[in-house]
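Structure first, then comments.
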Amino acid sequence: MKNFFRKFIPPEKWLKPVIVLLGIFFGLAAYAIYISRAPSYLSDKPETCINCHVMNPQFYDWAHSSHRQFTTCNDCHVPHGNMLRKYLFKAKDGLRHASIFTFRAEPQVIFIREGRKAVQANCIRCHEKTVGTAFIYMVQPNFHNYLKERTCLDCHRETPHKRVNGLSSAPNALVKTKIESRTERDEGEEEETGRGQHPVKKQQ
Amino acid sequence: METEPKRKPWKNWLLFFATMVIVFLLGLLASSITQRKAESEYVYKPKVKLDEYEPRNSLWGENFPREYQSYLQTADTSFASKYNGNMFIDMLERDPRMVVLWAGYAFSKDYSQSRGHYYAITDIRNTLRTGAPKGPEDGPQPNTCWTCKSPDVPRLMEKLRPIDFYKGKWASRGNEIVNYIGCADCHDPTTMDLRITRPALIEAFKAMGKDISKATHQEMRSLVCAQCHVEYYFDKHKPGAPDVAYLTFPWKYGTSADSALKYYNEIGFSDFTHQLSKAPLLKAQHPDYEIYLTGIHADRGVACADCHMPYIKEGGQKFTSHKITSPLANITNTCQVCHRESEESLRENVYERQDKVRQICDLAETELVKAHLEAKAAWDAGANEKEMEEGLNHIRNAQWYWDYSAASHGASFHSPIEVSRIIGLAINEAKEARIDLTRILFRYGKNSEISFPDIATKEKAQKFIGLQMEQLNNEKQEFLKKIVPAWDQKAKERENQWYKPENENH
Numbered sequence: 001m002k003n004f005f006r007k008f009i010p011p012e013k014w015l016k017p018v019i020v021l022l023g024i025f026f027g028l029a030a031y032a033i034y035i036s037r038a039p040s041y042l043s044d045k046p047e048t049c050i051n052c053h054v055m056n057p058q059f060y061d062w063a064h065s066s067h068r069q070f071t072t073c074n075d076c077h078v079p080h081g082n083m084l085r086k087y088l089f090k091a092k093d094g095l096r097h098a099s100i101f102t103f104r105a106e107p108q109v110i111f112i113r114e115g116r117k118a119v120q121a122n123c124i125r126c127h128e129k130t131v132g133t134a135f136i137y138m139v140q141p142n143f144h145n146y147l148k149e150r151t152c153l154d155c156h157r158e159t160p161h162k163r164v165n166g167l168s169s170a171p172n173a174l175v176k177t178k179i180e181s182r183t184e185r186d187e188g189e190e191e192e193t194g195r196g197q198h199p200v201k202k203q204q
Numbered sequence: 205m206e207t208e209p210k211r212k213p214w215k216n217w218l219l220f221f222a223t224m225v226i227v228f229l230l231g232l233l234a235s236s237i238t239q240r241k242a243e244s245e246y247v248y249k250p251k252v253k254l255d256e257y258e259p260r261n262s263l264w265g266e267n268f269p270r271e272y273q274s275y276l277q278t279a280d281t282s283f284a285s286k287y288n289g290n291m292f293i294d295m296l297e298r299d300p301r302m303v304v305l306w307a308g309y310a311f312s313k314d315y316s317q318s319r320g321h322y323y324a325i326t327d328i329r330n331t332l333r334t335g336a337p338k339g340p341e342d343g344p345q346p347n348t349c350w351t352c353k354s355p356d357v358p359r360l361m362e363k364l365r366p367i368d369f370y371k372g373k374w375a376s377r378g379n380e381i382v383n384y385i386g387c388a389d390c391h392d393p394t395t396m397d398l399r400i401t402r403p404a405l406i407e408a409f410k411a412m413g414k415d416i417s418k419a420t421h422q423e424m425r426s427l428v429c430a431q432c433h434v435e436y437y438f439d440k441h442k443p444g445a446p447d448v449a450y451l452t453f454p455w456k457y458g459t460s461a462d463s464a465l466k467y468y469n470e471i472g473f474s475d476f477t478h479q480l481s482k483a484p485l486l487k488a489q490h491p492d493y494e495i496y497l498t499g500i501h502a503d504r505g506v507a508c509a510d511c512h513m514p515y516i517k518e519g520g521q522k523f524t525s526h527k528i529t530s531p532l533a534n535i536t537n538t539c540q541v542c543h544r545e546s547e548e549s550l551r552e553n554v555y556e557r558q559d560k561v562r563q564i565c566d567l568a569e570t571e572l573v574k575a576h577l578e579a580k581a582a583w584d585a586g587a588n589e590k591e592m593e594e595g596l597n598h599i600r601n602a603q604w605y606w607d608y609s610a611a612s613h614g615a616s617f618h619s620p621i622e623v624s625r626i627i628g629l630a631i632n633e634a635k636e637a638r639i640d641l642t643r644i645l646f647r648y649g650k651n652s653e654i655s656f657p658d659i660a661t662k663e664k665a666q667k668f669i670g671l672q673m674e675q676l677n678n679e680k681q682e683f684l685k686k687i688v689p690a691w692d693q694k695a696k697e698r699e700n701q702w703y704k705p706e707n708e709n710h
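If you read the protein sequences in the order shown, they are chains A and B.
Using the numbering used here, read the first sequence as starting at 1 and increasing by one per residue.
Using the numbering used here, read the second sequence as starting at 205 and increasing by one per residue.
Right, dumping it as C-alpha cells:
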C-alpha cells in the first residue's frame, strides 16, 4: 500500500510545480463545492431543491399545496428507513441531475422517472391507513403488490404539485431569501410548537 | 533520478490526460453553475423600472400583467354569498338597529359592506362619514383616514414623518391620494418581497415586544393584510403633536378583544359619547387579523393569502391570484386544496357557522338597543351621573364586544368559537346594564316597560335619532361635483410629470 502511494510522489525537481498544480486542482474543486452550495444537499430543506431555478414551478406548487404543512421535498422524493440508501439515492440522483444540467440536456417539461418508485413507497409510508381498508388487509395483506405498475400519482396527478407544464410555467415565482426562514423555524421549534403553528400567536 | 522506479511512458500520458479530463469537467461544471445562477437572476426581467413607492398600479402591471389583471378584477361586484360577498350592501338598511347603536357617531349616517380594493378611493370619497369638506382645512375627519386607502400613502410617508402625514384635515391631501390600494402597499419593487409599509403595524409589534422584521415569509402573507385589517384608534396625545390623530393599534396587552378593552380602559379612551344613553363608547373597526389569529386555520399555519389569494392556473401559467375576495367565490382553488369534501358541503359548513353566530349576534344587538333606550329613559327620569356610571360602563363593554364581532369581516368563519365567546360576553354585559337601569328606573317610579320606537327601516331609525339625511346627501353630492374633480385634475398634472413607460397602450 505504502509503495503504491510512493509511485505518485514525483521526483524532487518536479515537486514544486506538482504541488502548485494540485493546489489548482483542489482549489477548483473547492470552488465548485462552494458555488454549487454542495453542503446544502446533505440537509432536508426544500430550499435546497431550488438551488437550481428549474425547480421553481415544483417548489411553488408544493408551497401552495396542502402537503407543505407536513412534508419536505425529501419526505416524498428520497427513500426512507435506511440512512445509507437515502444518501446513496441522493448521491446518484444528484450526480445525474448535475450532469444533465451541465450539458444543458434538461427537457422543457420535467417528468419523474426512476424517482417514481421512491415517491410511491413514500405515499404508502404516510397514507398506509387510508390506502388499505381493514378488510383488504385481512383478506389480502400483500395487496400493495397487486397494484403492479399503477401508482397513486397516476390518478392523484395534481397532488401535491399541480400539473407541471414546463420550466416557464411559474415565471413570477421569484425565489427569495425570506422563504428560507420558514424552514428554519420548522426545524428549530418543531418540538416545542409543532409544525405549522402560527408563531405570532404562540408568543402571546 | 536512477532510484526512481521506472514507469512506462503511456502510464504517464494516461495520468496526464485523465487529470486533464477531470479538471476540464470540473471547470465545465463550475462555469455552468455560475452561468445558471446568472440566468436565474434574469428570469425576471422588468420592463419598467419602478420607484421605491411607485403608486401607479398600472405601471407595476407592465411587469406583472397576470397579477395586475387579476387585481383589476377586485372591481367585480357580482359575487354574493349568504351574508357578504363583494357587492355593495347598505348595512344600515339591512340592519337598522345599528343606526341607534351608533347614534351620535358618523357610522349612523352611512355604513356599507366594503367592496374590493379597487374601490378604496371611490368609496372613501362617497361615504357620508367623510362629510362634505368645502376646502382643504374643512370637514370632520383627519388625514389619518387616508392611511389605508392608497399606495400614495407610503409615497408621502417617505417624505414626511408619519406624524406629519396624519396632521391636518382629510380634505387637505385629497389631491395627493388618488390611486386605489395596490402593489406598492405590500411589495418591494425590486425583489417583489412582501413588505410592511404602514408604521402603525410595526409600532404595534414593538408595543407587544416583538420585532416584525423577524417575521417569516408565511407570516408576511398575513401581516401585509394586517397593516389595515385590524382594530385601531386615533391617539391624540402623542408628545410634541397635540391633536394629531396618530394611528395606533391597541395591542399593548395582546391582540384579543379583552386585552384591547383593558388597554382602552387604562388610557381612558372612548371614540364617542352615545347620543341617547350618554355612554362613553368604543367603536370597533375591523379586527379581521386579530380574530383570524384565534381560529383553527391560523393555528394550522394557513395565511390570509392562502384562501383569499389562491394559486391559480391560466393556460400553462401558474400564479397567485390577486383578485382578493371571499374564498367562497372560488372553493375549488381555496378550500379544496386541503379539504377533499364537495363544494356544496364546504359551503354549507361555512354557512352553518355564520347562521349560528348571526343568531346570537342578533340577540346582542336587540339587547343593546334596549339598554341604550332604557338609559335615556333613566336620564329623563332624573337619574344622576353617579347612579348611571355602572350601567353605562356595562353598555360600553357590551357594545365593544358586540361591535368587535360584528365589525370583523368573516369573523364567524375565521373563528366561530372566539366570536361566540365575545358575543356571549356582549349579551351578558347588556343584560347586566339592563338590570342596573331597571333598578334606577324603579327608584324613580318608572316600573312599566319602556316603549320602543319603530326603527324597522334605515330611514325611520335615522329620523328617530334626528339625522338630517337629505341635507347630508346634498352636501355630499356638491362635494363630489365641485371638490373631487379638482383633486383628480391636480393629481393628473403631477403624475404627468413623472416617468412614463414607452408603451403608451397600457
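Cβ coordinates follow ideal geometry from the N, Cα and C atoms, glycine included.
By Cβ distance below 7 Å, which residues in the same chain neighbour residue i in space, the five residues on each side in sequence not counted?
i         : result
Thr331(B) : Asp314
Val131(A) : Ile124
Arg260(B) : Asn383 and Glu699
Ala665(B) : Pro300, Val303, Val304 and Ile659
Thr177(A) : Because the pLDDT of Thr177(A) is 41, which lies under 50, any placement of that residue in the model is unreliable, and the question is left without a value.
Ala222(B) : none
Arg116(A) : Thr151
Asn74(A)  : Asp44
Ser169(A) : Pro57
Lys694(B) : Asn379
Glu674(B) : none
Is the Cβ-Cβ distance between residue i and residue j less than 8 Å?
i         : j         : result
Ala575(B) : Leu645(B) : no
Lys373(B) : Tyr555(B) : no
Val623(B) : Val561(B) : yes
Thr536(B) : Cys511(B) : no
Ile400(B) : Gln431(B) : yes
Leu405(B) : Phe453(B) : yes
His391(B) : Gly499(B) : no
Glu341(B) : Thr524(B) : no
Leu676(B) : Arg329(B) : no
Starting from residue i, find everything on chain B with Cβ-Cβ shorter than 7 Å and list it in chain order.
i         : result
Cys52(A)  : Arg240
Asn165(A) : Gly520
Strictly below 8 Å CB to CB, what residues from chain A border residue i?
i         : result
Gly231(B) : Leu28
Tyr172(B) : Nothing can be reported for residue 172(B): it is not among the residues displayed for chain B, which extend from 205 to 710.
Phe268(B) : Asn172
Contact defined as beta carbons within less than 8 Å: I believe residue i pairs with residue j. What is the distance between those atoms, to the nearest angstrom?
i         : j         : result
Ile237(B) : Ile35(A)  : 5 Å
Gly614(B) : Asp492(B) : 7 Å
Pro46(A)  : Trp62(A)  : 7 Å
Tyr605(B) : Ile627(B) : 7 Å
Ala388(B) : Glu258(B) : 6 Å
Ser612(B) : Ile495(B) : 5 Å
Lys487(B) : Phe311(B) : 7 Å
Leu42(A)  : Ala234(B) : In fact, because the Cβ distance is near 20 Å, the residues do not count as touching under 8 Å.
What in chain A is Cβ-close to residue i, meaning under 9 Å?
i         : result
Tyr323(B) : Result: empty, since nearest Cβ-Cβ is about 26 Å, beyond 9 Å.
Glu271(B) : Asn172
Could you list which residues in chain A have their beta carbon closer than 7 Å to that of residue i, in chain order?
i         : result
Cys542(B) : Ser66
Ala234(B) : Leu28, Tyr31, Ala32 and Ile35
Gln701(B) : Ordered by position in chain A, no residue passes the 7 Å Cβ test against Gln701(B), which lies about 30 Å from the chain.
Ser244(B) : His53
Looking only at its own chain, which residues have a Cβ that is under 8 Å from the Cβ of residue i, when we skip the five neighbours before and after it?
i         : result
Ile325(B) : Lys353, Ser354, Ile381, Val382, Asn383 and Tyr384
Tyr648(B) : Ala582, Ala585, Gly586 and Ala587
Thr570(B) : Arg301
Ser181(A) : In this prediction, Ser181(A) scores a pLDDT of 37, lower than 50, which makes its location untrustworthy; no coordinate-derived value is stated.
Residues in the same chain with beta-carbon distance under 6 Å from residue i, minus the five sequence neighbours each way, listed in chain order, please.
i         : result
Gln108(A) : Gly166 and Leu167
Thr151(A) : Gln120
Cys429(B) : Cys508
Leu629(B) : Tyr605
Output, in chain order, the set of chain B residues within a Cβ distance shorter than 9 Å of residue i.
i        : result
Pro57(A) : Lys522
Gly94(A) : By Cβ distance, chain B contributes nothing, its closest Cβ being about 12 Å from Gly94(A), past 9 Å.
Tell me, please, whether the stretch 590–597 of chain B touches the stretch 649–664 of chain B by the rule of three or more beta-carbon pairs shorter than 8 Å. No, the stretch 590–597 of chain B is not in contact with the stretch 649–664 of chain B.
Counting Cβ pairs closer than 8 Å, one from the stretch 440–453 of chain B and one from the stretch 342–354 of chain B, do we hit at least three? yes
Examine the Cβ distances between the stretch 594–613 of chain B and the stretch 477–491 of chain B and report whether three or more of them are shorter than 8 Å. yes
Should the stretch 276–296 of chain B be called in touch with the stretch 520–533 of chain B, which here means at least 3 C-beta pairs below 8 Å? yes
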